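Novice: Quick one: the structure is below, and I'll ask about it shortly.
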Amino acid sequence: MASQVKLPDIHMQGIYAGKYKDWSPSLAPAGKLTSCGDTAIQCLKPKDDRPPSPAVIKKFRATVRPDAGQMRVFYGRANDPHQQWAENMTHGINTQPSDSSGAIVNPAYKTLFQQRLVDRKERIYSSHLRAPLGTSHDQSTGLPRGLNRDTFTFGVPTELDIGAGGLINPNKTYADVEMESAVGHELYRKSHTDFDVGERHNRNYTAPPYDGNSKFGIPTPHDNNGLMVKTTMKWQHETQQEKASKIVSKRVDDFRERSQPQLGQVHDPIKDTLKVGPDHAFGILVKPDEYGAGDLMHQRAPGEYLRGKDRQRGVLAAIRQHLKKANYHNFDDLVQAFQFYDKENKGRIDIHDLREACLQYHLPVEPELLEQLLYYCDSNRDGFIDYLEFANFLNWKDKMKSGLPEKTELEKMAESRKSSARSSSRAETTLDLADPSDLQPKSPQSAESTPRILQKQIDRAIGDHRTQSSMINAVVGGVSTQGYRTYGVPTIRTDLRAPRIKRVCDTKNYGDESDAYGLVNPSIFSRRGVQEKDFLLPRTKEEIRDIFTSIGVQMTGENFEELYNTAAAQHPKGHVSVESFRGVLDEIQAQKIATKEHPLAV
Numbered sequence: 031m032a033s034q035v036k037l038p039d040i041h042m043q044g045i046y047a048g049k050y051k052d053w054s055p056s057l058a059p060a061g062k063l064t065s066c067g068d069t070a071i072q073c074l075k076p077k078d079d080r081p082p083s084p085a086v087i088k089k090f091r092a093t094v095r096p097d098a099g100q101m102r103v104f105y106g107r108a109n110d111p112h113q114q115w116a117e118n119m120t121h122g123i124n125t126q127p128s129d130s131s132g133a134i135v136n137p138a139y140k141t142l143f144q145q146r147l148v149d150r151k152e153r154i155y156s157s158h159l160r161a162p163l164g165t166s167h168d169q170s171t172g173l174p175r176g177l178n179r180d181t182f183t184f185g186v187p188t189e190l191d192i193g194a195g196g197l198i199n200p201n202k203t204y205a206d207v208e209m210e211s212a213v214g215h216e217l218y219r220k221s222h223t224d225f226d227v228g229e230r231h232n233r234n235y236t237a238p239p240y241d242g243n244s245k246f247g248i249p250t251p252h253d254n255n256g257l258m259v260k261t262t263m264k265w266q267h268e269t270q271q272e273k274a275s276k277i278v279s280k281r282v283d284d285f286r287e288r289s290q291p292q293l294g295q296v297h298d299p300i301k302d303t304l305k306v307g308p309d310h311a312f313g314i315l316v317k318p319d320e321y322g323a324g325d326l327m328h329q330r331a332p333g334e335y336l337r338g339k340d341r342q343r344g345v346l347a348a349i350r351q352h353l354k355k356a357n358y359h360n361f362d363d364l365v366q367a368f369q370f371y372d373k374e375n376k377g378r379i380d381i382h383d384l385r386e387a388c389l390q391y392h393l394p395v396e397p398e399l400l401e402q403l404l405y406y407c408d409s410n411r412d413g414f415i416d417y418l419e420f421a422n423f424l425n426w427k428d429k430m431k432s433g434l435p436e437k438t439e440l441e442k443m444a445e446s447r448k449s450s451a452r453s454s455s456r457a458e459t460t461l462d463l464a465d466p467s468d469l470q471p472k473s474p475q476s477a478e479s480t481p482r483i484l485q486k487q488i489d490r491a492i493g494d495h496r497t498q499s500s501m502i503n504a505v506v507g508g509v510s511t512q513g514y515r516t517y518g519v520p521t522i523r524t525d526l527r528a529p530r531i532k533r534v535c536d537t538k539n540y541g542d543e544s545d546a547y548g549l550v551n552p553s554i555f556s557r558r559g560v561q562e563k564d565f566l567l568p569r570t571k572e573e574i575r576d577i578f579t580s581i582g583v584q585m586t587g588e589n590f591e592e593l594y595n596t597a598a599a600q601h602p603k604g605h606v607s608v609e610s611f612r613g614v615l616d617e618i619q620a621q622k623i624a625t626k627e628h629p630l631a632v
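Each residue of the sequence shown is one higher than the one before, starting from 31 at the first, in the working numbering.
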């Protein structure tokens, strides 16, 4: 069917044909022209020109699929005349419209004539005369003539009393209040039945068998924990069910045991089908190898496997630590400590000398552990511990003096020993203990010598493998760089004086801050808020004495004066701090240990 929509004619003309002039009429303009006849409402609601359905078909369609907003009507009642009457039929009473709430709240304005009419109608009321709208109630019409309303008052003036506070909380003692309340209390008992709290009624019975203090009945069982209340809150059948045995089906119990996991046990749903014990393990027990992954990676020899030797190595480390502490506190230098072990002056220590030293130190060690300790310290595998091994593995050689002469003097003694057959016993002993090549200076600026470091490394380099750090000697124990010239600005500015009050933007470290070791391992003083500067702060004589007396240091007045003067002499200005005074005390203790006067001296 042809559409009745008429589209506008398309005129092929340039876009500049009207107001503007087309300077290039030979060129077709850009874009696409569309008709203006299509609208959104025509797309959404197209015109339906189909003929309407006959009435015979409409009544059946109204039963199956009624139109939108229409009531479903059975096709048998489609031509019923009552159906037409029902469409216009309404039930109830038609409500007449009245004033709305808006008209009541905000009524229309009255004209002046209407307001005068209302006032004239209300003038006959007495309330309009006594209390007109907008003014207070006028009572002058009922007052006597000649009465001055401004000065005259009615009633009797009230006399001020003690007030409500005095009635509620009078200024009386407790005894006065009790005494006043007891006056006439006997009369109030009969007239008002006024008894005190807990007071028993006395009915003045005179019968001979009556006793006023007797009690009737039996005492009621009572429990302060509320046991009786708990019993009454529970019904008897609930109590019996708690005491009775709970009967559970065996099938349900077996199913729960098989399907529900138990706490602390492995869930095994098929354990009922296995005829083995609960502690049975399937498979073949694999014997562990004597070496581990680390032993394979480092290609260790069979005698140097570390798997399973953790406890052994820990015990050896504890024994070595105990011997290091004992040597450090009992001897001045390494030679003196070595001679304590070597009683026969053999120049080496065997297992018997090591056992005797451990017994004197009250360190009971098994023979097997002694053999392992000797094997650990014997780097050249000769079965003995010489002076160099003793200094490296059983002492803190950096904190103790070597006890040997300087390297140059030791070299002269070695040359004289080669040239002459006779030599002093001291030179023989010194040369037997250490060779001149075994000594090295502690620092490039120091003339004091110390035994060289023995490399006790379990895992040697595999093949010719070398790291870049080892090639440039950047390893622990290598060439010291303390004597090297440094360039640039140091990280810790000890050359500058630390300010008394440090600014927030000042990020320099003046040497008064803790390092990484202090952060990882803080001292016991930092836990109580005591910093390093508190130990170095100059203090008076009274403060020094109070601090050391509080920690249990026993000193007389003369001893304290002597120690204080010694510590003051070490400072150019005579200042004494806690650290300097403690250093003087440590020096005196070390002298007592060296002269065998201290109780801990061996």
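For each residue, glycine too, the CB sits at the ideal point set by N, CA and C.
These numbers were taken from a predicted model, which means no experiment stands behind them.
(1) Could you please give me the residues that DSSP links to threonine 480 through a beta bridge?
(2) So, with DSSP's three-state summary, where would you put aspartate 576?
(3) Please report the straight-line C-alpha distance between phenylalanine 578 and alanine 546, rounded to a whole angstrom.
(4) For lysine 373, collect the residues of the same chain with a Cβ closer than 7 Å to its Cβ; drop the 5 residues on either side in sequence, then sort them by chain order.
(5) Thinking just about the alpha-carbon of each residue, which of Lys431, Asp465, Leu463 is nearest to the one in lysine 472?
(6) Helix, strand or coil: how does DSSP classify lysine 431 here?
(7) Threshold first: 4 residues or longer. Then list the alpha helix (DSSP H) segments lying entirely within the segment 134–189, N to C.
(8) Name the residue from Ser130, Trp426, His215, Gln470 whose alpha carbon lies nearest to the alpha carbon of glutamate 229.
(9) In three-state DSSP terms, what is aspartate 241?
(10) Could you tell me which of Thr511, Phe182, Gly541 sits nearest to proline 520, measuring between CA atoms?
(11) Can you look up aspartate 325 in the DSSP assignment and give me helix, strand or coil?
(12) Helix or strand or just coil, what does DSSP make of asparagine 539?
(13) Do arginine 350 and phenylalanine 414 come within 8 Å of each other at the CB atom, strictly closer than that value?
(14) Which partner residues of aspartate 363 appear in the DSSP bridge assignment?
(15) For phenylalanine 246 and aspartate 191, what's the separation of their Cα atoms in angstroms?
(16) With DSSP as the reference, identify every bridge partner of isoleucine 381, one or two as the case may be.
(17) List the endpoints of the continuous alpha helix (DSSP H) containing proline 111.
(18) Between asparagine 6 and isoleucine 623, what straight-line distance do the alpha-carbon atoms span, to the nearest angstrom?
(19) Using a Cβ-Cβ cut-off of 6 Å (strictly less than) and excluding sequence neighbours within five positions of valine 103, which residues of its own chain qualify?
(20) Could you tell me the distance, in whole angstroms, from the CA atom of aspartate 412 to the CA atom of proline 481?
(21) Tell me the DSSP secondary structure of isoleucine 554 in three-state form.
(22) Determine the burial state of glutamate 419: buried for a count of at least 16 other Cβ atoms within 10 Å of its Cβ, exposed for fewer.
(23) Taking DSSP as the reference, what is the three-state secondary structure of isoleucine 87?
(24) How close, in whole Å, do the beta carbons of histidine 352 and leucine 393 come, if the pair is a contact with beta carbons under 8 Å?
(25) Which whole-angstrom value is the C-beta distance of leucine 364 and lysine 427, which I expect to be below 8 Å?
(26) May I ask you to verify whether the segment 554–563 touches the segment 571–588, counting CB pairs closer than 8 Å and requiring at least 3?
(27) Are the Cβ atoms of arginine 378 and aspartate 416 separated by less than 8 Å?
(28) Going by beta carbon distance, what residues of the same chain come within less than 6 Å of alanine 421, once the five residues before and after it are set aside?
(29) Could you tell me the alpha carbon to alpha carbon distance between methionine 263 and glycine 193, rounded to whole angstroms?
(30) Hey, could you find the ends of the alpha helix (DSSP H) glutamate 398 is sitting in?
(31) Does the Cβ of glycine 433 have 16 or more other Cβ atoms within 10 Å, making it buried, or fewer, making it exposed?
(32) Am I right that aspartate 302 and arginine 288 are in contact with their C-beta atoms under 8 Å? What's the rounded C-beta distance?
(33) Please classify valine 278 as buried or exposed, where buried requires at least 16 other C-beta atoms within 10 Å of its C-beta.
(34) Would you report the Cα separation of alanine 133 and tyrosine 139, rounded to the nearest angstrom?
(35) Per DSSP, what kind of secondary structure is isoleucine 248 in: helix, strand or coil?
(36) Taking Cβ positions, are lysine 425 and lysine 532 nearer each other than 8 Å?
Specialist: Concretely, from the data shown:
(1) The residue given as residue 480 occupies position 450 in the sequence shown. Beta-bridge pairing links threonine 480 to Gln470.
(2) For the purposes of this step, residue 576 is taken as the residue at position 546 of the sequence shown. Residue state for aspartate 576 is assigned as helix, using DSSP reduced to three classes.
(3) What you label residue 578 is simply residue 548 of the sequence shown in a count that begins at 1. What you label residue 546 is simply residue 516 of the sequence shown in a count that begins at 1. Rounded to whole angstroms, phenylalanine 578 to alanine 546 spans 30 Å at the Cα level.
(4) Along the sequence shown, one-based indexing puts residue 373 at 343. Same-chain partners within the cutoff: Asp383.
(5) Along the sequence shown, read from residue 1 onward, the residue named residue 472 stands at position 442. When only C-alpha atoms are compared, the closest one is Lys431.
(6) Position 401 of the sequence shown, counting from 1, holds the residue named residue 431. It is a strand residue.
(7) Qualifying alpha helix (DSSP H) stretches, in chain order: 142–152, 156–160.
(8) Start at 1 with the first residue of the sequence shown, and residue 229 comes out as number 199. Taking only the C-alpha atoms, the option nearest glutamate 229 is His215.
(9) By 1-based counting over the sequence shown, the position of residue 241 is 211. Annotated three-state conformation of aspartate 241 is coil, per DSSP.
(10) Sequence index remark: in the sequence shown, residue 520 carries index 490 (1-based). It is Gly541.
(11) Position 295 of the sequence shown holds residue 325. In the structure shown, aspartate 325 sits in a helix (DSSP, three-state: H, G or I).
(12) Here residue 539 corresponds to residue number 509 of the sequence shown, with the count starting at 1. Residue state, collapsed to three classes: strand.
(13) Along the sequence shown, read from residue 1 onward, the residue named residue 414 stands at position 384. Along the sequence shown, read from residue 1 onward, the residue named residue 350 stands at position 320. Contact flag unset, no.
(14) By one-based count along the sequence shown, residue 363 stands at place 333. Lys431.
(15) In the sequence shown, residue 246 corresponds to position 216, counting from 1. In the sequence shown, residue 191 corresponds to position 161, counting from 1. C-alpha separation (whole angstroms): 52 Å.
(16) Within the sequence shown, numbered from 1, the residue matching residue 381 stands at position 351. Looking at the DSSP assignment, isoleucine 381 forms no beta bridge with any residue, so it has no partner.
(17) By 1-based counting over the sequence shown, the position of residue 111 is 81. Start and end: 111–117.
(18) As displayed, the chain neither begins before 31 nor continues past 632, which places residue 6 out of reach and without an answer.
(19) Numbered from 1 along the sequence shown, position 73 holds the residue referred to as residue 103. Same-chain partners within the cutoff: Ala92.
(20) In the sequence shown, counting from the first residue as 1, residue 412 sits at position 382. In the sequence shown, counting from the first residue as 1, residue 481 sits at position 451. Straight-line Cα distance between these residues: approximately 19 Å.
(21) Along the sequence shown, one-based indexing puts residue 554 at 524. If DSSP states are grouped into helix, strand and coil, isoleucine 554 belongs with coil.
(22) Walking along the sequence shown from the start, residue 419 turns up at place 389. Buried, since its Cβ has 16 or more Cβ neighbours within 10 Å.
(23) Position 57 of the sequence shown, counted from the first residue, corresponds to residue 87. Reduced to three states, the DSSP call for isoleucine 87 is helix.
(24) For the purposes of this step, residue 352 is taken as residue 322 along the sequence shown, with counting starting at 1. For the purposes of this step, residue 393 is taken as residue 363 along the sequence shown, with counting starting at 1. Correct: roughly 6 Å between the Cβ atoms.
(25) Within the sequence shown, the letter at position 334 stands for residue 364. Within the sequence shown, the letter at position 397 stands for residue 427. Going by Cβ atoms, the distance from leucine 364 to lysine 427 rounds to 6 Å, so yes, they are a contact pair.
(26) no
(27) Counted from its first residue, the sequence shown places residue 378 at position 348. Counted from its first residue, the sequence shown places residue 416 at position 386. Their beta carbons are under 8 Å apart, which means arginine 378 touches aspartate 416 by this criterion.
(28) Stepping through the sequence shown from its first residue, residue 421 is reached at position 391. Excluding residues within five positions, the ones whose Cβ falls inside 6 Å are Leu364, Lys427, Pro481.
(29) To locate residue 263, count along the sequence shown from 1; it is residue 233. To locate residue 193, count along the sequence shown from 1; it is residue 163. Each residue's Cα considered, the two are about 52 Å apart.
(30) Counting from one through the sequence shown, the residue named residue 398 turns up at place 368. Element bounds for glutamate 398: 397–407.
(31) Looking up residue 433 in the sequence shown gives position 403. That one is buried.
(32) Here residue 302 is taken as the residue at index 272 of the sequence shown, counted from 1. Here residue 288 is taken as the residue at index 258 of the sequence shown, counted from 1. The pair is a contact, with the Cβ atoms about 7 Å apart (cut-off 8 Å).
(33) Working through the sequence shown from its first residue, we reach residue 278 at position 248. With fewer than 16 Cβ atoms within 10 Å of its Cβ, valine 278 is classed as exposed.
(34) Translated into positions along the sequence shown, residue 133 becomes position 103. Translated into positions along the sequence shown, residue 139 becomes position 109. Taking the straight line joining both Cα atoms gives about 11 Å.
(35) Here residue 248 refers to the residue found at position 218 of the sequence shown. Here isoleucine 248 sits in coil by DSSP.
(36) Reading the sequence shown from its first residue, position 395 is the one you call residue 425. Reading the sequence shown from its first residue, position 502 is the one you call residue 532. According to the sequence as given, residue 425 is asparagine; it is not lysine. Their beta carbons are not under 8 Å apart, which means asparagine 425 does not touch lysine 532 by this criterion.
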